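K.L.:
I'd like to ask some things about the structure below.
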Amino acid sequence: MASEPGSQIALAQAGASVAVNFRERADAAKTVCNEIRAMGRNAILIQANVSVSTDVKRMVKEVEHSLGGIDILVNNAAIASRASWKTSPRKNGTRYSQ
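Following this line, the structure appears as structure tokens:
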């Protein structure tokens, strides 16, 4: 989850239902969900590590079941590495995929 939840709040203000994903910061994600719900919008909280394909598949199923599908996706996940792109670990052509 972003440390600044501006996109989630802006989408809710525009009328969207929002799935708030977090990997480790459950309290911050709960705060964002509560703020969205206080606006009268639907928000769900989903713990998932987006670098793990099984987590992503589970998350998508939960969103589809709870919200009816995904219309807008905001990806705020990032990986920082000091290694060169030429020497960094790869699997199936994708950095750090599992």
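All the letters of the sequence shown, read from the start, carry residue numbers 5 to 102 under this note's numbering.
For glycine and all other residues, C-beta sits at the position ideal for the given N, C-alpha and C.
A quick note: this is a predicted structure, and the numbers were derived from the prediction, not measured.
How far does the alpha helix (DSSP H) with V22 in it reach, from first residue to last?
P.N.:
Counting along the chain, V22 falls outside any alpha helix (DSSP H), though it belongs to the beta strand (DSSP E) covering V22 to F26.
K.L.:
Using the Cβ count rule (16 or more neighbours within 10 Å means buried), how would you classify I74?
P.N.:
With fewer than 16 Cβ atoms within 10 Å of its Cβ, I74 is classed as exposed.
K.L.:
May I have the straight-line CA-CA distance separating S11 from C37, to the nearest angstrom?
P.N.:
So the alpha carbons of these two residues sit roughly 12 Å apart.
K.L.:
Rounded to the nearest angstrom, what separates V78 and A52 at their Cα positions?
P.N.:
Going by the C-alpha atoms only, they are around 15 Å apart.
K.L.:
Could you tell me the alpha carbon to alpha carbon distance between S7 and R29, rounded to whole angstroms?
P.N.:
Because S7 sits at a pLDDT of 46, beneath the cut-off of 50, its placement in the model cannot be relied upon, and the following sentence gives the value as read from the coordinates. The alpha-carbon atoms of S7 and R29 are separated by roughly 9 Å.
K.L.:
Whole-angstrom Cβ separation of A23 and I48, contact assumed at under 8 Å?
P.N.:
Right, the Cβ-Cβ distance comes to about 5 Å (below 8 Å), so this counts as a contact.
K.L.:
For the beta strand (DSSP E) containing A47, list its first residue and its last residue.
P.N.:
First-last of the beta strand (DSSP E) with A47: A47 to Q51.
K.L.:
Quick one: residues in its chain with C-beta nearer than 7 Å to the C-beta of Q102, no 5 flanking neighbours on either side, listed in chain order?
P.N.:
Confidence at Q102 is low in this model, with a pLDDT of 44, below 50, so the placement of that residue should be treated as unreliable; the coordinate-derived value is given next. Within the same chain, Q102 has close Cβ partners S55, V56 and S57.
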